Amino acid sequence: MNIRSQTQTKDTADTAFARTIDLDTSSVRELNQFLHDLPRALPPGSNATALRVLNPRGVHAVAAGVDADVTIEIAGDVGYYCGGMNQHATILIDGSAGIGLGENMMSGLIHVRGNASDSLGATAHGGTIIVDGNASGRCGISMKGVDIIVKGSIGPMSAFMAQAGTLAVFGDVGEAFGDSLYEAQLYVRGSVASLGADCIEKPMEEAHRAALYAKLAQQGLAGEVDVGTFRRYGSARTLYHFHVDNAGAY
Amino acid sequence: MNEQVKIPRTTPRFSATFDPHTLSEIRRAAATGIYDIRGGGSKRHLPHFDDLLFLGASMSRYPLEGYREKCGTSVTLGTRFAKKPIELKIPITIAGMSFGSLSAQAKEALGRGASLVGTSTTTGDGGMTQEERGHSNILVYQYLPSRYGMNPDDLRKADAIEVVVGQGAKPGGGGMLLGQKISPRVAQMRTLPEGIDQRSSCRHPDWTGPDDLEIKIEELREITDWEKPIYVKVGASRPYYDIALAVKAGADVIVLDGMQGGTAATQEVFIEHVGIPTLAAIRPAVQALQDLGMHRKVQLIVSGGIRNGADVAKALALGADAVSIGTAALVALGDNDPHWESDYEMLGTVAGAYDDWHEGRDPAGITTQDPDLAKRLDPIGAGRRLANFLSVLTLETQTIARAAGKSHVHNLEPEDLVALTVEAAAMAGVPLAGTNWIPGAGGR
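Protein chains in written order, with this note's numbering: chain E, 1 to 250; chain S, 1001 to 1444.
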């Protein structure tokens, strides 16, 4: 395992665990084991641990299952399920991400500085995922409380069966948006190719603008876009109880 | 003579096609505009383990003494990749059944009963409850398409992870929990509004096929540091190919659920008309494992209509490493017990036929979220009954194994079996009794 210490262990708690892991010479298994061992290894109260991951080259499950208040910078593209089930960690990806980025994330932050593939934030319960570029289809599928912000556009079947949380898209949205939606809040600034079953446009009132502004401001994005330019979508709730007259919607 | 001849009337005769049940279903559908939904598994007659017989030892085989010579029952699951395989004392596990579908008392009772005899229980669609983790010494955590209540803390608390691809009662279908059972606790666990008709997804949101599943399994192993066995559960429909692909995807254990397997609530037409019988599923599954050189290396758990030790022994003889029970376990807890006959009559049914589990009015307090009904089930007493039942299944299995001359239940083999019908002989790949004819042999 090639984990380089950038500082000596005698340094303060805030810097004692600053590390670089090179995936050309270390395995994903070694990286993840190191991250999983962090809560036991960290001094009490430490919350400024930093880790830099080099040469990810699209490998899968990078930083999956982390449960520590640690910042992980990944220098390059990652494969499937990067940051899967993340708890507390801040994961910064200096590249693009494959399928299932942040799947079932519980808390923390994932920021992709490139594009993201399918099923971004699938079933994620909490935390925030930011994509500087575009995301592909099924973005926010079955999301359960996560906040997703995509600065570019997203593909079809996004927010399918989304249950809770917020999806804000600065660009355009593909077909069947919000199909079979539950109580997730959807905001779109660009065009929507089509709405899925039981998804409708709803009035964008002051309370919604304020809520969206707060979400963006929390991530330092308040000045990037005018929240007044977003449209809001949500569930019509007509499919919450089956009735034969709605059968055509299924 | 003007005597009027009385002509005898023909006895009213119901159509075999339009029988009384079918007629009533047509009327019910016309009145409501919705298909019939119910719990449980297939109710119609299907080729099953009863269509097989064991050949006890006589001259050509040598039996073991019942109660005197040992017949092992232990099984180890997850020996392929997991650092911590599961050791069970008996080859019978409790199938995945959700909190939401079942009451907390029922989940606790399952845990108590299974733990008393050294076997495992399984969570279900809805997440892990304290009741089942607290009372199940060995707990398998289901990773389902809906991912309701899915979280990494529970994943790490589990002893194994079961990736559910399908279910025998409804291969290709998702879960269903109607509004009556979405209590505040269930709604909170599933991040859903209270009281809605919840239909969970039939496919996983973040993978689309076996190649993706391989990567998904790798992620689950990474998250849990490669410690826990990964099961893959499939509903029986194309067992040869599904099992081969599950092996390829990296499963440690495969759970194969036949169409007699139960469900909390699904369309009647789905339960009765989709999938294949358990009996028909085992041999192709075992064949796939053997063709890949993985039989006994990737363990096979068979479920769907297991009722007694003979069923267990037959499944093992056909090549399973263990079986799993769901419906029988609920009956052992007290489901459909005649003690509640008057309550069943008030629901328009009788003890033994009650299957409207989705309505949440189960008199036995098992398939309900009504707190008053749920209190009717004593988890300690029900757990004891389940432990007794599991012990009986084990003793019965050992009895048959000894009669076949086996010192471990896993030594049972297809050669110990014959079939009573041509259909069962073809499906199970064993000879028709009194012949050496295996219909379809060589054509697999």
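Idealized CB from N, CA, C, for every residue including glycine. All values derive from a computational prediction rather than experimental measurement.
Exposed unless 16 or more other CB atoms sit within 10 angstroms - verdict on V1331(S): In the second sequence, residue 1331(S) corresponds to position 331, counting from 1. That one is buried.
If I measure Cβ to Cβ from I251(E) and keep anything under 6 Å in the same chain, skipping five residues before and after, which residues do I get? The question about residue 251(E) has no answer here: the residues shown for chain E are numbered 1 through 250.
From V267(E) to T1208(S), what distance separates their C-alpha atoms? Here chain E has residues from 1 to 250 only, and residue 267(E) is not among them.
Please state if the CB of P1277(S) and the CB of P1239(S) are separated by a distance shorter than 7 Å. For this step, residue 1239(S) is matched to residue 239 along the second sequence. For this step, residue 1277(S) is matched to residue 277 along the second sequence. Taking 7 Å as the Cβ cut-off, P1239(S) and P1277(S) do not qualify as a contacting pair.
Bounding residues of the beta strand (DSSP E) (the contiguous stretch that carries V146(E)): For the purposes of this step, residue 146(E) is taken as the residue at position 146 of the first sequence. Unbroken beta strand (DSSP E) run through V146(E): 144-150.
Checking contacts by CB at 7 Å: is A236(E) closer than that to chain S? The residue you call residue 236(E) lines up with position 236 of the first sequence. Not closer than 7 Å to any Cβ of chain S, the Cβ of A236(E) fails to qualify, so no.
Exposed unless 16 or more other CB atoms sit within 10 angstroms - verdict on Q8(E): Counted from its first residue, the first sequence places residue 8(E) at position 8. Residue placement at Q8(E) cannot be trusted, given a pLDDT of 36 that sits under 50; what the coordinates show is reported in the next sentence. That one is exposed.
For the beta strand (DSSP E) containing K202(E), list its first residue and its last residue. The count along the first sequence starts at 1 and reaches residue 202(E) at position 202. Per DSSP, K202(E) belongs to the beta strand (DSSP E) from 199-202.
Under a Cβ-count criterion, where at least 16 other Cβ atoms within 10 Å of its own Cβ denotes burial, should L1245(S) be classed as buried or exposed? By one-based count along the second sequence, residue 1245(S) stands at place 245. The C-beta of L1245(S) has 16 or more other C-beta atoms within 10 Å across all chains shown, which makes the residue buried.
Interface residues of chain E around L1192(S) at Cβ under 7 Å? Here the question's residue 1192(S) lines up with position 192 in the second sequence. Residues of chain E passing the Cβ test: Q163, Y182.
Any beta carbon of chain E sitting closer than 7 Å to that of D1197(S)? The sequence position of residue 1197(S) within the second sequence is 197, counting from 1. By this cut-off, D1197(S) is an interface position.
With F1389(S) as the anchor, note down where its alpha helix (DSSP H) starts and where it stops. As a working note, residue 1389(S) is residue 389 in the second sequence. Run containing F1389(S): 1379-1403, per the alpha helix (DSSP H) assignment.
Own chain, CB closer than 6 Å to L1116(S), minus 5 neighbours either side, in chain order: The residue labelled residue 1116(S) in the question sits at position 116 within the second sequence. Residues of the same chain with a CB within less than 6 Å of the CB of L1116(S), apart from the 5 flanking positions on each side, are A1387 in chain order.
With distances taken from CA atoms, which of H111(E), V173(E), L167(E) is nearest S136(E)? To locate residue 136(E), count along the first sequence from 1; it is residue 136. Of the candidates H111(E), V173(E), L167(E), the one whose C-alpha sits nearest the C-alpha of S136(E) is V173(E).
Do three or more CB pairs link the segment 1260-1280 of chain S to the segment 1289-1308 of chain S at distances below 8 Å? yes
Between V227(E) and the rest of its own chain, which residues show a CB-CB distance below 6 Å, the 5 nearest in sequence each way excluded? Counted from its first residue, the first sequence places residue 227(E) at position 227. Cβ neighbours of V227(E) beyond the five flanking positions: R209, L212, Y213.
Within 10 angstroms of its Cβ, does A1219(S) collect 16 or more other Cβ (buried), or is it exposed? For the purposes of this step, residue 1219(S) is identified with residue 219 of the second sequence, where counting begins at 1. Here residue 1219(S) turns out to be Glu, not Ala, going by the sequence shown. It is buried - the Cβ of E1219(S) has at least 16 other Cβ atoms within 10 Å.
For L1390(S), count neighbouring C-beta atoms within 10 Å of its own C-beta (all shown protein chains included) and say buried if the count is 16 or more, exposed if not. The residue given as residue 1390(S) occupies position 390 in the second sequence. Around the CB of L1390(S), 16 or more other CB atoms lie within 10 Å, so the residue is classed as buried.
State the start and end residues of the unbroken alpha helix (DSSP H) segment that holds H251(E). No answer is possible for residue 251(E): it lies beyond the span of chain E, which begins at 1 and ends at 250.
Pull up the distance between the alpha-carbon of V1234(S) and that of P1210(S), whole angstroms please. Here the question's residue 1234(S) lines up with position 234 in the second sequence. Here the question's residue 1210(S) lines up with position 210 in the second sequence. In this structure, the straight-line span from the alpha carbon of V1234(S) to that of P1210(S) is close to 12 Å.
Determine, for I74(E), whether the minimum Cβ-Cβ distance to residues of chain S falls below 7 Å. The count along the first sequence starts at 1 and reaches residue 74(E) at position 74. Not one chain S Cβ lies under 7 Å of I74(E).
Anyone know if the C-beta pair for T946(S) and E1065(S) falls short of 7 Å? Residue 946(S) falls outside the range modelled here, since chain S spans only 1001 to 1444, and no answer is possible.
Quickly, what does DSSP pair F177(E) with across the bridge? List them, please. Locating residue 177(E) in the first sequence gives position 177, where the first residue counts as 1. Paired residues: L195(E).
Is it a yes or a no for the segment 119-137 of chain E touching the segment 146-159 of chain E, going by three-plus beta-carbon pairs under 8 Å? Yes, the segment 119-137 of chain E is in contact with the segment 146-159 of chain E.
Check M1346(S) in the structure and name its three-state DSSP category. Here residue 1346(S) refers to the residue found at position 346 when the second sequence is read from its first residue. DSSP places M1346(S) within a helical segment (H, G or I) once states are collapsed to three.
Kindly indicate which three-state DSSP category F1459(S) falls into: helix, strand or coil? Chain S is shown from 1001 up to 1444; residue 1459(S) falls before or after that span and cannot be answered.
Those residues which DSSP pairs with I1090(S) across a bridge: The residue given as residue 1090(S) occupies position 90 in the second sequence. Its beta-bridge partners do not exist; DSSP assigns none.
What's the call for V995(S), buried or exposed, on a 16-neighbour Cβ count within 10 Å? With chain S covering only 1001 through 1444, there is no way to say anything about residue 995(S).
Taking its Cβ as the centre, do 16 or more other Cβ atoms sit within 10 Å of Y1143(S), making it buried, or is it exposed? Here residue 1143(S) is taken as the residue at index 143 of the second sequence, counted from 1. With 16 or more Cβ atoms within 10 Å of its Cβ, Y1143(S) is classed as buried.
Give a yes or no on whether the minimum CB-CB distance between I1223(S) and chain E is below 7 Å. Here residue 1223(S) refers to the residue found at position 223 when the second sequence is read from its first residue. Closer than 7 Å to some Cβ of chain E, the Cβ of I1223(S) qualifies, so yes.
Within its chain, find whatever has a CB closer than 7 Å to the CB of M204(E); leave out the 5 residues flanking it on each side and keep chain order. As a first step, residue 204(E) must be located in the first sequence, where it is residue number 204. Excluding positions up to five away in sequence, the list reads F230, R231, R232.
The segment 176-200 of chain E: positions lying closer than 7 Å to chain S by Cβ: Y182, E183
Spell out a yes or no on whether the segment 1031-1043 of chain S and the segment 1355-1362 of chain S are touching, meaning 3 or more CB-CB pairs, one atom from each, closer than 8 Å. yes
Considering only the beta carbon of each residue, do A1251(S) and V1186(S) sit closer than 7 Å? If you number the second sequence from 1, residue 1251(S) lands on position 251. If you number the second sequence from 1, residue 1186(S) lands on position 186. Contact: no.
Whole angstroms are fine: how far does the CA of V1164(S) sit from the CA of K1181(S)? Against the second sequence, residue 1181(S) aligns to sequence position 181. Against the second sequence, residue 1164(S) aligns to sequence position 164. Using only the alpha carbons, I get a separation of about 22 Å.
What are the boundary residues of the beta strand (DSSP E) that I129(E) is part of? Residue 129(E) sits at position 129 when you count from the first residue of the first sequence. 128-131 is the extent of the beta strand (DSSP E) around I129(E).
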